[in-house]
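Asker: Got a structure for you, written out below as structure tokens; questions coming shortly.
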């Protein structure tokens, strides 16, 4: 047998107090001991973490459509050649914004944050239970963003009216608010529809709103809601947990069927009962 060369591992240690957290030892007075925490500081053995991947909407976001009865009122699609969902750094996004535009900031595992661009590099947005006027770069909090004027298919107000709606509510907070999240506030400013407000629709047992989630090119699943407010909350929850988690959840709990197994091109359910409410991006506004 040849000589074996054994590589020495250099060990380091740190001294830490080991007294009782209360500072009192039951047997005597306070005591301090030494605990040795060993670690391997051999740089050759360290594994470098992979660099962070750029945000890709196709990997993280859920392709979906929203219907009121038979009318499509919202659509997020990753159809070939579509650049509408491309994202930009806050600095580059400023070059694409015009007063009255809706802006969406996105990041993995976070709720999307919506704002109204009002000009002069500034936006108005609902953040932490208050409508604020901020610079776009500050409101982004480092997230990438995009202009989302075309997601909702309602007829928009004039750009000047959108800006007036937004600026008129700067400073509103807590019980003064009529919107549950940043998306509902920004969309109300642009379209002026009461359906975006808290309690804007009567719940009379019917479920005229449908959220159709695209599972693949040939498969989808539909959830039904009594109000647009409820649907937006579910859609935003899906955006926050991400595409992979949504597809796993549907596969596990809802069992969508193939198009030729039902009477339509999608399985259809109401939202699963008993789901614990998720904490909203800005915390839910107080219902009044």
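Residue numbers (our numbering): 885 to 1172.
For glycine and all other residues, C-beta sits at the position ideal for the given N, C-alpha and C.
Within 10 angstroms of its Cβ, does residue 956 collect 16 or more other Cβ (buried), or is it exposed?
Answerer: Taking the first residue of the chain shown as 1, we reach residue 956 at position 72. With fewer than 16 other Cβ atoms within 10 Å, it is exposed.
Asker: Hey, quick one: how far does the alpha helix (DSSP H) through residue 1073 stretch, first residue to last?
Answerer: As a position in the chain shown, residue 1073 is number 189, starting the count at 1. It spans 1066-1075 - the alpha helix (DSSP H) in which residue 1073 sits, taken as one unbroken run.
Asker: Could you have a look at residue 960 and say whether DSSP puts it in helix, strand or coil?
Answerer: Your numbering for residue 960 matches position 76 in the chain shown. It is a strand residue.
Asker: Which of the three DSSP states is assigned to residue 1057 in this structure?
Answerer: Within the chain shown, the letter at position 173 stands for residue 1057. Residue 1057 falls in the strand class under three-state DSSP.
Asker: CB-CB under 6 Å to residue 969, same chain, minus the five flanking residues each way: which ones, in chain order?
Answerer: On the chain shown, position 85 is the one that residue 969 refers to. The residues are 941.
Asker: Residue 1049 to residue 1073, Cα distance in whole Å?
Answerer: Walking along the chain shown from the start, residue 1049 turns up at place 165. Walking along the chain shown from the start, residue 1073 turns up at place 189. Near 5 Å, if we compare the C-alpha coordinates of residue 1073 and residue 1049.
Asker: Residue 1002: which of 993, 1011 and 1019 sits nearest, CA to CA?
Answerer: Taking the chain shown and counting its residues from 1, one reaches residue 1002 at position 118. Checking every option, the nearest Cα to that of residue 1002 belongs to 1019.
Asker: Are residue 1070 and residue 1013 close, meaning C-beta to C-beta below 8 Å?
Answerer: Residue 1070 sits at position 186 when you count from the first residue of the chain shown. Residue 1013 sits at position 129 when you count from the first residue of the chain shown. Contact: no.
Asker: For residue 1076, which residues of its own chain have a beta-carbon under 8 Å away from its beta-carbon, when the five flanking residues on both sides are left out?
Answerer: Your numbering for residue 1076 matches position 192 in the chain shown. Counting only Cβ-Cβ distances below 8 Å, and skipping sequence neighbours, we find 1041, 1045 and 1049.
Asker: Looking only at its chain, what residues have a beta carbon closer than 8 Å to the beta carbon of residue 1081, apart from the 5 residues adjacent to it on each side?
Answerer: As a first step, residue 1081 must be located in the chain shown, where it is residue number 197. 1062, 1063, 1068, 1072 and 1113, listed in sequence order.
Asker: Drop a sphere of 10 angstroms on the beta-carbon of residue 1053, count the other beta-carbons inside from all chains shown, and report buried for 16 or more, exposed for fewer.
Answerer: Along the chain shown, read from residue 1 onward, the residue named residue 1053 stands at position 169. Label assigned to residue 1053: buried.
Asker: Out of 1097, 1000 and 1021, which has the shortest C-alpha to C-alpha gap to residue 974?
Answerer: Translated into the one-based positions of the chain shown, residue 974 becomes position 90. Nearest of 1097, 1000 and 1021 to residue 974, Cα basis: 1021.
Asker: Compare the beta carbon distance of residue 998 and residue 1066 with 8 Å and say whether it is the shorter of the two.
Answerer: Sequence index remark: in the chain shown, residue 998 carries index 114 (1-based). Sequence index remark: in the chain shown, residue 1066 carries index 182 (1-based). Taking 8 Å as the Cβ cut-off, residue 998 and residue 1066 qualify as a contacting pair.
Asker: Please classify residue 945: does DSSP put it in a helix, a strand, or coil?
Answerer: To locate residue 945, count along the chain shown from 1; it is residue 61. In the structure shown, residue 945 sits in coil (DSSP, three-state: anything other than H, G, I, E or B).
Asker: Ignore the nearest five residues each way along the sequence and tell me which others in residue 1087's own chain have a CB closer than 8 Å to its CB.
Answerer: By 1-based counting over the chain shown, the position of residue 1087 is 203. Around residue 1087: 1110 and 1111.
Asker: Over the uninterrupted alpha helix (DSSP H) stretch that includes residue 1107, give me the two end residues.
Answerer: Along the chain shown, read from residue 1 onward, the residue named residue 1107 stands at position 223. Per DSSP, residue 1107 belongs to no alpha helix (DSSP H); it is in the beta strand (DSSP E), 1104-1109.
Asker: Straight-line CA distance for residue 1027 to residue 992?
Answerer: As a first step, residue 1027 is located in the chain shown; it is residue number 143 there, counting from the start. As a first step, residue 992 is located in the chain shown; it is residue number 108 there, counting from the start. Going by the C-alpha atoms only, they are around 9 Å apart.
Asker: Can you check DSSP and say which residues form a bridge with residue 1016?
Answerer: In the chain shown, residue 1016 corresponds to position 132, counting from 1. Per DSSP, 1009.
Asker: Please report the distance separating the alpha-carbon of residue 1038 from that of residue 1136.
Answerer: Mapped onto the chain shown, residue 1038 falls at position 154. Mapped onto the chain shown, residue 1136 falls at position 252. Each residue's Cα considered, the two are about 34 Å apart.
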